[in-house]
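Enquirer: Handing you a structure now.
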Amino acid sequence: MDKLIIEGGHTLEGTIRTAGSKNAVLPILAASLLSREPVTLTRAPRLADVSTMLGIIRDLGAEAEQDENGTVHICAEGDITGRATWEAVRKMRASVCVLGPLLARLGRAEVSLPGGCNFGVRPIDIHLKGLCALGAKVRIEHGFVVAEAPPGGLRGARVFLGSANGPSVLGTANVVMAATLARGTTVIESAACEPEVIDLCDALVAMGAKISGQGSPMLTIEGVDELHGATHDVIPDRIEAGTYVLAGALAGAQVKVADCQPAHLGALLDHMNEARVPFEVGEDWIEVQAYDVADTPPRSTDVTTHAYPGFPTDLQAQWMALMTKADGLSIITERIFPDRYMHVPELGRLGANVRRQNTAVVVRGTPELSGAPVMASDLRASAALVMAGLVARGTTEVHRVYHIDRGYERIEDRLASIGAAIRRVSE
Ligand code: EPU
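Have a look at this one:
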């Protein structure tokens, strides 16, 4: 296992380019199983999760590889099997999104239940409800979801996909993918509006699917007989971009994040304005301006996470890291995953004044953090710890870095390129 060793306090300055979106590419990889023709994805990020998904696709019988430029080539021309095993699914929850494509293409799919994750129970009832609405019979057997299409295949239907915690991103993805090959029209109400869902729909449309309403809570899908091959350029990763912007904001450093889509980060930029972090925005870049954090710390600014276009849960931990050096008290409330607070005790080890109160965390800004060994627990929590380590006095060791590798392409190289003293060592 690797760890990151960070010497805090080095001046950061420079430009980081954004990679392709992890959460967009994962369902699009699954979608490529819907066609027998080659699908090519440019700007696919080089991440552990992408390798995991390519492995699952190969296990199912398709050809799948990522070349040295990051471009992914998939061809599911021959026969594929409909069973995704626990070994595959337990590594990554997103593998559940092969369920919809396999069911639509083969009329039957068996996908291991994903189980719990590091930040609480994450059910898939919305996915199953949607597939049942399309006529599938679904049962749980020996830890697998077994889904079977009715004779004649899936049929279009009207389905409401909301939940107490809002719409479901991958639930929407699964049902959209299944509906592309269903007979007739499917209308999804309370669909997720995330840019990653729009990108999936755009990729499916490039493959010949008939979808309208992308980006709104109501999606309409007219089923077609088959999908063809396509080339699709994956959108930039808004969460990676937001993480580096917040790293610059916490360090008071001039950090430019290039090749991103600021329009996807409206809630973050609005909160940064409120926190009086100086920054500029261009068409495809965001640049934090250098400022003296000790003299004029960010203004304490509350955040509550919501589905898009609200403040993303995937930036909650990083916002908390920024607030550890703010000028007073802020309250951070997690509405999507109420237990997604694994970073709280670890930020405390770095000297942050953070206290959990039920589904909220109260942060009192402190002038200084101090380096310590900390444990990465999930992807975004780990990013927050790296950010804190960059500004803490002394040395921070972030253990279990494999969490970060799931979603950040060579984070230590990117941060080192703007002046951070960060290196990876094997434990
Ligand atoms: N939910 C249900 N039933 C379901 C599905 C979800 O009740 O069947 C609930 C969840 O428990 C949660 C809410 O609905 O309270 C939203 O969860 P969602 O289904 O949208 O999450 P997801 O699709 O499994 C994706 C991202 C996550 C991101 C969430 C929310 C991928 C691969 N993952 O997960 O990304 O946090 O949407 O935006 O797209 C990450 O990248 O670090 C990450 C965890």
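Numbering (this note's numbering), first residue to last: 0 to 426.
Yeah, the Cβ is synthetic: ideal placement off N, Cα and C, and Gly gets one too.
Predicted model, so just to flag it, every value in this text is computed and none were measured.
Quick check: is any heavy atom of the ligand EPU less than 8 Å from the C-beta of D404?
Expert: Because no heavy atom of the ligand EPU lies under 8 Å away, the Cβ of D404 does not count as near it: no.
Enquirer: Is it a yes or a no for the stretch 78-95 touching the stretch 43-56, going by three-plus beta-carbon pairs under 8 Å?
Expert: Contact holds: three or more Cβ-Cβ distances are below 8 Å.
Enquirer: Over the uninterrupted beta strand (DSSP E) stretch that includes S376, give me the two end residues.
Expert: Note, S376: premise wrong, no beta strand (DSSP E); not H, not E.
Enquirer: Do V158 and V145 come within 9 Å of each other at the CB atom, strictly closer than that value?
Expert: No, Cβ-Cβ distance for V145 and V158 is not below 9 Å.
Enquirer: If you reduce the DSSP assignment to three classes, tell me which class R339 lands in.
Expert: In this structure, R339 counts as coil in the three-state DSSP scheme.
Enquirer: D258 to T17, Cα distance in whole Å?
Expert: If you take the alpha carbons of D258 and T17, they lie about 5 Å apart.
Enquirer: V276 to L268, Cα distance in whole Å?
Expert: Each residue's Cα considered, the two are about 9 Å apart.
Enquirer: Using a 10 Å radius around the Cβ and a threshold of 16 neighbouring Cβ atoms, would you call E239 buried or exposed?
Expert: It is buried - the Cβ of E239 has at least 16 other Cβ atoms within 10 Å.
Enquirer: Shorter than 8 Å, the distance from the beta carbon of P44 to the closest heavy atom of the ligand EPU, or not?
Expert: P44 Cβ: outside cutoff for every heavy atom of the ligand EPU.
Enquirer: What do you reckon, are the CB atoms on L389 and A229 nearer than 9 Å?
Expert: The answer is no: Cβ separation not under 9 Å.
Enquirer: Could you tell me which whole beta strand (DSSP E) segments of length 3 or greater appear in the stretch 198-263?
Expert: The stretch 198-263 contains these whole beta strand (DSSP E) runs: 209-211, 217-221, 229-232, 253-257.
Enquirer: Could you pull the DSSP bridge partners for L40 from this structure?
Expert: DSSP output for L40 lists V71, H231 as bridge partner(s).
Enquirer: Under a three-way DSSP split, which group does N22 fall into?
Expert: DSSP places N22 in helix when its eight states are reduced to three.
Enquirer: Excluding the 5 residues preceding and the 5 following A383 in the sequence, name in chain order all residues of the same chain whose CB lies nearer than 8 Å to its CB.
Expert: Same-chain partners within the cutoff: A316, Q317, M319, A320, H342, L346.
Enquirer: Taking the alpha-carbon of A420 as reference, which of V168, L11, T84 has the nearest alpha-carbon?
Expert: Selected option, being the one with the closest Cα: L11.
Enquirer: Nearest to I234 by alpha carbon, out of P216, I210, H263?
Expert: Out of P216, I210, H263, H263 has the C-alpha closest to the C-alpha of I234.
Enquirer: What is the residue span of the alpha helix (DSSP H) that G13 lies within?
Expert: First-last for G13: 12-16, but that is the beta strand (DSSP E), not the alpha helix (DSSP H).
Enquirer: Under 9 Å between the Cβ atoms of L180 and E225?
Expert: Yes, they are a contact pair.
Enquirer: Which of the three DSSP states is assigned to H398 in this structure?
Expert: Strand at H398.
Enquirer: Could you tell me whether any Cβ in chain B is nearer than 9 Å to the Cβ of Q315?
Expert: This model lacks chain B altogether, as it is built from one protein chain only.
Enquirer: State buried or exposed for E188, treating a residue as buried only when at least 16 other CB atoms are found within 10 Å of its CB.
Expert: Result: exposed.
Enquirer: Can at least three beta-carbon pairs, one atom from the stretch 362-370 and one from the stretch 398-414, be found at a separation below 8 Å?
Expert: These segments do not touch.
Enquirer: Between G134, V360, V302, which has its C-alpha nearest G151's C-alpha?
Expert: Selected option, being the one with the closest Cα: G134.
Enquirer: Mind checking N173: buried by the 16 CB within 10 Å criterion, or exposed?
Expert: That one is buried.
Enquirer: I need the straight-line Cα distance from R379 to D201, nearest angstrom please.
Expert: The alpha-carbon atoms of R379 and D201 are separated by roughly 27 Å.
Enquirer: Which runs of the beta strand (DSSP E) spanning at least 3 residues fall entirely within the stretch 104-166, listed in chain order?
Expert: Within the stretch 104-166, the complete beta strand (DSSP E) runs of at least 3 residues are 107-111, 136-140, 143-147, 157-159.
Enquirer: May I have a chain-ordered list of the alpha helix (DSSP H) segments no shorter than 4 residues that lie completely inside the stretch 255-332?
Expert: Listed in chain order, they are 265-273, 315-322.
Enquirer: Rounded to the nearest angstrom, what separates G222 and I27 at their Cα positions?
Expert: C-alpha separation (whole angstroms): 18 Å.
Enquirer: Taking N352 as part of the alpha helix (DSSP H), name the residues at either end of that continuous run.
Expert: Careful: N352 lies outside any alpha helix (DSSP H), inside the beta strand (DSSP E) at 352-356.
Enquirer: Assuming S425 is part of the beta strand (DSSP E), what are its boundary residues?
Expert: From DSSP, the beta strand (DSSP E) with S425 extends over 420-425.
Enquirer: Indicate the three-state DSSP secondary structure (helix, strand or coil) for D1 in the structure shown.
Expert: Reduced to three states, the DSSP call for D1 is strand.
Enquirer: Within this structure, are the beta carbons of L203 and A30 separated by less than 9 Å?
Expert: Yes, they are a contact pair.
Enquirer: Suppose you measure from the CA of A177 to the CA of S215; what does that come to, to the nearest Å?
Expert: Roughly 19 Å separates the two Cα atoms.
Enquirer: Hey, quick one: how far does the beta strand (DSSP E) through E411 stretch, first residue to last?
Expert: Looking at the DSSP string, E411 is not in any beta strand (DSSP E); the run it does join, the alpha helix (DSSP H), is 410-415.
Enquirer: Among G418, Y401, R413, R409, whose alpha-carbon lies nearest the alpha-carbon of K2?
Expert: The option with the nearest alpha carbon to K2 is Y401.
Enquirer: As a quick exercise: from P261, M271, V302, pick the residue whose alpha carbon is nearest that of A282.
Expert: Rather than Ala, the amino acid found at residue 282 in this sequence is Glu. That would be P261, whose Cα lies nearest to the Cα of E282.
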